[in-house]
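Participant:
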Amino acid sequence: MQKKFRYTTIELIQGDITEEKVDAIVNAANEKLIGGGGVDGAIRKAGGEEVTKECDIIRARQGGCPTGKAVITTGGNLPAEYIIHTVGPVWQGGDAGEPELLASCYKESIALAVKNGLYSIAFPSISTGVYGYPTEKAAKIALQTIRDLAENADRMPTLVQFVLFDDATFGCYTDALSNL
Ligand code: AR6
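Using this note's numbering, the first residue of the sequence shown is number 237, and each one after it goes up by one.
Okay, structure coming up:
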């Protein structure tokens with residue numbers, strides 16, 4: 237399923253983000269930029285040691301990546317040229333700034349893509365695995381944030397994919413994009 241907002245197509249795909257041939261894929265990382273499970277584990281495994289090396293350099297330089305922010309590394313052995321690592325909020329019930337922090341992940345990732353002159357980017361469903369963010373709520377924030385950027389930003393990738401791993405997540409994003 238896809239929808240176009242000004243110059244940007246938002247596309248939903250069900251599958252494995254490590255296989256996407258886009259300029260950058262986004263990783264749902266942790267603040268220490270130390271490899272974890274979920275999509276982070278899959279991306280690091282497929283990207284290879286160059287990715288971990290660059291994450292280690294960033295950690296040594298600036299201590300990692302705070303929640304809601306993003307950093308960029310090589311894609312290593314991935315088909316994608318770059319990986320943008322962003323850190324989603326841990327769900328704590330919704331009153332601890334989680335919606336704003338989640339929106340910030342998408343904004344900061346797009347800003348890094350634009351800064352690096354990238355045209356296509358693929359996101360996973362940030363925070364809805366280990367970090368426990370309810371998927372229906374997260375899907376609305378993710379898609380609204382990208383739509384608002386597409387409608388207002390001076391520069392914006394022309395393709396923004398969401399690569400969703402399981403049926404339930406794909407269903408939530410499909411509903412949210414239909415209602416956008
Ligand atoms: N492609 C696309 N999506 C995937 C893939 C894949 N290959 N594998 C899993 N997902 P999670 P979080 C989906 O837990 O909640 C890590 O340990 C998954 O089904 O990966 O932001 C980090 O190091 C779910 O829908 O990310 C952090 O410590 C979505 O990706 C922590 O987990 C996100 O689930 C981050 O937790």
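Where a beta carbon is used, it is the ideal one built from N, C-alpha and C, also for glycine. A quick note: this is a predicted structure, and the numbers were derived from the prediction, not measured.
Here's a check: name, in chain order, each residue in its chain whose Cβ is nearer than 6 angstroms to the Cβ of A225, leaving out the five neighbours to either side.
Facilitator: With the chain represented from 237 up to 416, any question about residue 225 goes unanswered, as that position is not in the structure.
Participant: What is the C-beta distance between I246 and K239, in whole angstroms, given that I count them as a contact (C-beta under 8 angstroms)?
Facilitator: 5 angstroms
Participant: Can you list, in chain order, the stretches of the alpha helix (DSSP H) that have 4 or more residues and sit fully within the stretch 360-403?
Facilitator: 371-388
Participant: Within its chain, find whatever has a CB closer than 7 angstroms to the CB of T381; leave out the 5 residues flanking it on each side and keep chain order.
Facilitator: A339, Y342 and K343.
Participant: Straight-line CA distance for Y367 to F406?
Facilitator: A straight line joining the alpha-carbon of Y367 with that of F406 spans about 18 angstroms.
Participant: Closer than 6 angstroms between the C-beta and any heavy atom of the ligand AR6: which residues qualify, listed along the chain?
Facilitator: D252, I253, T254, A264, A265, N266, G272, G273, G274, V275, D276, A278, G324, P360, S361, I362, S363, T364, G365, V366, Y367, V399, F401, D402 and T405
Participant: How far does the beta strand (DSSP E) with K240 in it reach, from first residue to last?
Facilitator: Q238 to F241
Participant: Do the stretch 304-324 and the stretch 286-294 meet, that is, are 3 or more Cβ pairs less than 8 angstroms apart?
Facilitator: yes
Participant: Should the stretch 265-275 be regarded as contacting the stretch 310-318, the criterion being three or more beta carbon pairs within less than 8 angstroms?
Facilitator: The stretch 265-275, when compared against the stretch 310-318, does not touch it at the 8 angstroms Cβ threshold.
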